[in-house]
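Student: Sharing a structure below in structure tokens format, with a few things to ask.
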Amino acid sequence: MEIEENIQWHPAFCSAMELELREYKKYLRYEREHNLAKMPLKIDFLVIKKKADIMIENDIADFFLGSNIFEYKSPGDDVNAGTFFKAVAYACLYKAESGNVEEIRDTDVTISLVREQKPVKLLAQLSEKYEVSRKTDGIYRIHGMLFPMQIVVTKELNKDIHIWVTSLTRTLDRARAKKLLEICSGLEEDDDRQNADSVVNVSSEANIELFKNMIQEGDQMCEELKELLAPEIIEFKIRLAEQNEKLADNAARLADNAARLADNAAQLADKDEKLANKDAEIAMLKKKLADFGIEV
3 MEIEENIQWH
13 PAFCSAMELE
23 LREYKKYLRY
33 EREHNLAKMP
43 LKIDFLVIKK
53 KADIMIENDI
63 ADFFLGSNIF
73 EYKSPGDDVN
83 AGTFFKAVAY
93 ACLYKAESGN
103 VEEIRDTDVT
113 ISLVREQKPV
123 KLLAQLSEKY
133 EVSRKTDGIY
143 RIHGMLFPMQ
153 IVVTKELNKD
163 IHIWVTSLTR
173 TLDRARAKKL
183 LEICSGLEED
193 DDRQNADSVV
203 NVSSEANIEL
213 FKNMIQEGDQ
223 MCEELKELLA
233 PEIIEFKIRL
243 AEQNEKLADN
253 AARLADNAAR
263 LADNAAQLAD
273 KDEKLANKDA
283 EIAMLKKKLA
293 DFGIEV
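Right, here's the structure in full:
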């Protein structure tokens, strides 16, 4: 549906990652769409550690070094060899743009490719040249490259531990939606709540039927959703989803009508062909009669 094509997945991913790491935010600096030099190239999400000796107890971030580059792909987008080379190129450009290359050592930059579905083909290709290990559910580390690298498969992550990034999906169920809203309601700091708004906004757009049903059924947890999102926005999303459903139904009916018209046209063409054949037979019969001197 059209509503899904306009979902702003990338900003929500950045918000989700900030929430994943919110316990360490005083030690980290975040940059969204970090510009590379003067070229129209942007890193999706950059996490910079302010202190090298800070240990982060998070499966996604426990291999962080000084500068940590994230390349995020929305659900449905592919992660392939091209994505891999682009991410490595971004890391090289980021390293080069520092001016003094010695300031960012090879081992001070990490790369993370993030996608909902597992990129089976890419992992197989990388396994042929590098050592690929499964750190835990959903996290695959690639060893022996210029930069430490990992591929994060959000569909495989522990959904209780990584509630934020795993909520960026079109397949959210009611239990997970309730848990997401419960955790959102417990956030106290403004920046955390703003990031939660972004995640819930995208999650509700991607799972509009689920949230619409929860609201219409008077689900208590959806009071939290109404606090996070303005009521008029929720109402607009519901109306838009219903409008898209009606448009889809109309399109289906038009397609059926077009098919019936095509069938009718084919039947008329068949009748015309039969009439033409009969006219030809009559003309031939008249000719034979004329040959015998019989006028018709």
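First residue of the sequence shown: 3, per our numbering; consecutive thereafter.
We put the beta carbon where it would ideally sit given N, CA and C, even for glycine.
Buried or exposed, going by whether 16 or more other CB atoms sit within 10 Å of the CB of G188?
Tutor: Exposed: under 16 other Cβ atoms inside 10 Å.
Student: On the premise that V154 lies in contact with V116, defined as a C-beta separation below 8 Å, what is that separation, rounded to the nearest angstrom?
Tutor: Yes, V116 and V154 are in contact; Cβ-Cβ is about 4 Å, under 8 Å.
Student: What's the call for A83, buried or exposed, on a 16-neighbour Cβ count within 10 Å?
Tutor: Exposed, by the Cβ-count rule.
Student: Among V202, H36, Q152, P121, which has the Cα closest to the Cα of K97?
Tutor: Ranking V202, H36, Q152, P121 by Cα distance to K97 puts H36 first.
Student: With DSSP as the reference, label N197 as helix, strand or coil.
Tutor: Here N197 sits in helix by DSSP.
Student: Do L30 and I50 count as a contact pair if the criterion is CB distance below 8 Å?
Tutor: Their beta carbons are under 8 Å apart, which means I50 touches L30 by this criterion.
Student: With N37 as the anchor, note down where its beta strand (DSSP E) starts and where it stops.
Tutor: Here the beta strand (DSSP E) through N37 covers 30 to 37.
Student: Report all residues from its chain with a CB closer than 8 Å to the CB of F66; omit the five preceding and five following residues, and keep chain order.
Tutor: So the list reads V49, K51, I58, T112, once near-sequence residues are dropped.
Student: When the Cα of G68 is compared with those of C16, E211, D55, K27, which residue comes out closest?
Tutor: It is D55.
Student: In this structure, how does DSSP classify Q269 when only helix, strand and coil are distinguished?
Tutor: Helix at Q269.
Student: Taking its Cβ as the centre, do 16 or more other Cβ atoms sit within 10 Å of N259, making it buried, or is it exposed?
Tutor: So N259 ends up on the exposed side.
Student: For a quick check, are the C-beta atoms of F149 and A93 less than 8 Å apart?
Tutor: Yes.
Student: Which one of M147, S114, S205, I185 has the shortest CA to CA distance from Q10?
Tutor: With distances taken between Cα atoms, Q10 lies closest to S205.
Student: Quick one: grab the DSSP three-state call for E133.
Tutor: Looking at E133 - three-state DSSP - the assignment turns out to be strand.
Student: Using CA atoms only, rank isn't needed, just tell me which of N60, T168, D272 is closest to Y26.
Tutor: Out of N60, T168, D272, N60 has the C-alpha closest to the C-alpha of Y26.
Student: Under a Cβ-count criterion, where at least 16 other Cβ atoms within 10 Å of its own Cβ denotes burial, should Q269 be classed as buried or exposed?
Tutor: Flag for Q269 reads exposed.
Student: So what's T138 in DSSP terms, helix, strand or just coil?
Tutor: Looking at T138 - three-state DSSP - the assignment turns out to be strand.
Student: Which residues bound the alpha helix (DSSP H) around V90?
Tutor: First-last of the alpha helix (DSSP H) with V90: 83 to 98.
Student: Flag this pair as yes or no: are the beta carbons of T85 and E118 separated by less than 8 Å?
Tutor: Not a contact, by the Cβ cut-off of 8 Å.
Student: State the CB to CB distance for the pair I165 and L182, rounded to an integer number of angstroms; the pair is presumed to be in contact (CB under 8 Å).
Tutor: Right, their Cβ atoms sit about 6 Å apart.
Student: Rounded to the nearest angstrom, what separates R176 and C186 at their Cα positions?
Tutor: Their backbone Cα atoms lie some 15 Å apart in a straight line.
Student: State the beta-bridge partners of F149 as determined by DSSP.
Tutor: None, per the DSSP bridge assignment.
Student: Could you tell me the alpha carbon to alpha carbon distance between K280 and R262, rounded to whole angstroms?
Tutor: Approximately 27 Å between the Cα atoms of the pair.
Student: For the alpha helix (DSSP H) containing E158, name the first residue and the last one.
Tutor: Per DSSP, E158 belongs to no alpha helix (DSSP H) and is neither H nor E.
Student: Less than 8 Å between the CB atoms is what I'm expecting for I71 and S114, so what's the real figure, rounded?
Tutor: Contact holds; Cβ gap of about 7 Å.
Student: May I have the straight-line CA-CA distance separating R143 from E133, to the nearest angstrom?
Tutor: Answer to the nearest angstrom: the Cα atoms are 8 Å apart.
Student: Name the one or two DSSP bridge partners that I217 has.
Tutor: DSSP, once it has assigned bridges, lists no residue as partnering I217.
Student: Kindly identify the DSSP beta-bridge partner or partners of T112.
Tutor: According to DSSP, which records beta bridges pairwise, T112 is partnered with N70.
Student: Using a Cβ-Cβ cutoff of less than 7 Å, which residues in the same chain neighbour Q1 once the five nearest sequence positions on both sides are dropped?
Tutor: Because the chain is modelled from 3 through 298, residue 1 falls outside the range shown and cannot be assessed.
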